Structure formats: structure tokens, C-alpha cells
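Chemist:
Numbering (the UniProt record's numbering), first residue to last: 1 to 332.
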């Protein structure tokens with residue numbers, strides 16, 4: 001049975017109205033107002049289920065005749081699988097893919113997806129990829145899969161860049177997960193750069209470690225470089241400045257801060273509980289992330305699309321399977 005949740009937003013939002021087939025949108029405004037969310041019961045999903053759900057939503061952006069950037073990683077693999085299936089069934093035609101790693105190239109080729117390069121197709125219509133962290137500005141940490149250089153090149157060449165994640169990737173500030181923020185460096189004197197990178201972020205508290213492969217040897221990227229992983233004790237204070245400082249170091253090839261690049265972020269989430277009177281869910285659930293984005297409304301002219309809202313136990317709990325965060329005016 002449906003339950004309606006009336007929530008008072010700390011920032012200005014218009015009323016949220018659910019339509020049968022169209023994602024509902026919250027538009028930022030200047031005066032405080034109330035909005036309602038209708039909730040319906042839904043099954044609890046595994047992390048792979050959530051990734052597939054987000055991937056399927058992202059593929060809705062793909063149209064026949066497009067040149068696509070194909071991402072790397074567990075979530076992006078679901079996207080590539082879906083595109084391959086649609087090509088096979090005739091749901092998509094005349095697609096060309098530009099892979100961001102050798103691993104993605106092999107997967108796409110096995111599915112019969114025609115492939116090319118940035119040399120032949122320097123302008124891409126759309127790129128779809130996962131992310132390791134997403135903050136309320138829709139800025140990203142990427143590259144824990146080792147493909148950050150090619151990912152950034154391909155995604156920067158795309159008209160639109162759609163990011164697909166599950167809710168575990170949401171952070172209040174980049175570096176906030178405590179997991180690796182990768183920096184690709186040349187092999188020559190890699191330790192020299194490791195020390196310089198760690199010194200660069202001593203105020204935040206940062207451990208810099210050379211990435212090793214399963215055999216204990218230095219991990220080598222598709223571009224024959226090494227990766228230094230940075231582990232932050234607190235979120236990066238100024239990610240824009242940090243990106244410039246890292247890139248300025250001689251011997252650094254690329255870093256995993258993807259700033260001002262995402263056109264849309266599609267988030268799949270599981271169960272959470274609404275705290276009384278607040279747009280906030282436990283376990284950094286999706287609605288909490290939407291709350292953070294709305295709180296920064298003066299900086300973020302966003303639209304927040306809510307799909308498949310559901311309640312399992314009345315007024316106090318909410319399951320949100322998919323949220324799409326976009327820049328205002330972007331559509332697909």
C-alpha cells in the first residue's frame with residue numbers, strides 16, 4: 001500500500017509529483033516549501049542488482065548512430081553487456097564504441113560491438129562509465145580499476161558523460177571514502193613522485209602507496225605506467241586546486257580527480273530510514289545525497305529525478321532504487 005511522506009526541505013524545492021512513466025523532478029527555487037514523496041514496496045536488491053539497474057537506466061541515453069565512450073569497471077561492464085544485447089536484438093544500430101581499457105576492448109569485441117579510437121573519432125556523442133566516489137557537486141574520483149588516463153581522455157572528448165554508481169560511492173567530499181585516489185606516474189623514479197605526492201597533502205593527512213598486482217609486483221597500466229594510490233584521512237579541501245597541483249608535478253601522467261565532467265549521475269540504492277523532519281537516510285542513502293546537492297543549490301543548478309520510490313514500513317522507511325542527478329536543462 002502506498003504511503004505519502006511529507007518532508008520539509010532545508011532549501012527551496014518545488015512539489016514532487018509522480019507520473020506514470022516520466023521521472024519526477026525537483027526544481028530548485030528561492031523560497032522554502034514542502035514537497036511530498038509517494039512510496040511503494042520493493043524488493044531489497046544486491047549490489048550487482050543495483051549496478052545493473054543503474055546501467056540499464058544509463059543505456060536509455062544511447063541512440064542508434066552514436067559514437068560511444070565505453071567505460072571500465074564492474075558497473076561499466078553491465079553497460080557494455082546491455083549495449084551488446086541491444087545491438088544483437090536490433091534495438092540499437094550503427095553504434096561505434098571507443099573503449100577506455102584493453103579489458104573493455106576485449107569485452108566489447110566479444111559482444112560484436114564495432115570499435116574505434118579517438119584518432120578516428122575525436123568527437124564522441126556520449127560516454128558512460130562508473131565512478132569510485134561522487135560528491136554533491138557531481139565531481140568524481142575514478143581510476144581504481146587502473147584505466148584513469150584513457151577514461152579521462154575518452155570522457156573529455158564526449159558531448160555527454162553519464163556516470164553510473166550504486167549508493168556506496170556517495171561521499172560528502174572527494175577522498176572521503178578513505179579508499180584510493182589513483183595517480184598514474186611514469187616508472188622512472190616513481191618513488192620520487194610518491195614522496196612528493198604525500199608531502200603535497202600532509203595537511204589533509206595522506207598515505208601514498210605504490211599499487212601492486214596480485215603477484216606483489218608493481219601494477220602496470222595499459223600505458224606502461226605505475227600507479228601511486230593516495231589514501232586521505234580527511235576529504236580533500238579544494239579538489240580543483242589539488243588536481244592542478246598534482247598535474248604540475250613532473251612525471252605525473254594523470255590523476256583520478258574528474259572535475260566538472262559529469263553530465264548526469266545515475267545512482268542505484270537500497271533500503272534506508274528517514275530521520276524525522278530531514279531529507280536524510282542512514283548509510284549515506286540516495287536521498288541523503290540528494291539532500292546534500294539541494295543544500296548547495298546556489299552552486300548547483302541541478303534537477304533531481306526520483307524513480308521507483310518505495311516504502312516497506314510506512315512513514316519511516318524508504319527504498320529508492322534509482323536517482324538521476326543532472327545539470328538543469330540536460331536531457332536525453
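Backbone N, C-alpha and C define an ideal beta-carbon position, used for all residues, glycine too.
Just so it is clear, the structure is predicted and the values come from calculations on it, not from any experiment.
(1) Judging by CA-CA distance, which residue of 101, 134, 103 is the nearest neighbour of residue 236?
(2) Would you call the region 58–71 and the region 151–171 touching, i.e. three or more CB-CB distances under 8 Å?
(3) CB-CB under 8 Å to residue 102, same chain, minus the five flanking residues each way: which ones, in chain order?
(4) Would you kindly report the start and end of the unbroken beta strand (DSSP E) that includes residue 232?
(5) Out of curiosity, what's the CA-to-CA distance linking residue 126 and residue 224?
(6) Counting only the same chain and skipping the five closest in sequence on each side, list residues whose C-beta sits under 6 Å from that of residue 201.
(7) With three or more beta-carbon pairs closer than 8 Å as the criterion, would you say the region 131–149 touches the region 110–123?
(8) DSSP state of residue 155, grouped into three classes?
(9) With DSSP collapsed to three states, give me the class of residue 167.
(10) Go to residue 132, then tell me how far its beta strand (DSSP E) extends in each direction, as first and last residue.
(11) Tell me the rounded alpha-carbon separation between residue 148 and residue 266.
(12) Report the three-state DSSP secondary structure of residue 25 (helix, strand or coil).
(13) CB residue 73 to CB residue 182, shorter than 7 Å?
(14) Do residue 228 and residue 210 count as a contact pair if the criterion is CB distance below 7 Å?
(15) Let me know the secondary structure DSSP gives residue 199 once reduced to three states.
(16) In chain order, what residues of the same chain lie with their CB nearer than 6 Å to the CB of residue 104, ignoring the 5 residues before and after it?
(17) For the ligand COA, any of its heavy atoms closer than 6 Å to the Cβ of residue 168?
Modeler: Taking the definition as stated:
(1) 134
(2) yes
(3) 222
(4) 226–232
(5) 27 Å
(6) none
(7) no
(8) helix
(9) helix
(10) No beta strand (DSSP E) holds residue 132; DSSP gives it neither H nor E.
(11) 20 Å
(12) In this prediction, residue 25 has a pLDDT of 37, which is less than 50 and means its spatial position is unreliable; what the coordinates show is noted afterwards. It is a strand residue.
(13) no
(14) yes
(15) helix
(16) 70, 72
(17) The ligand content of the structure shown is nil, which means the ligand COA is not present either.
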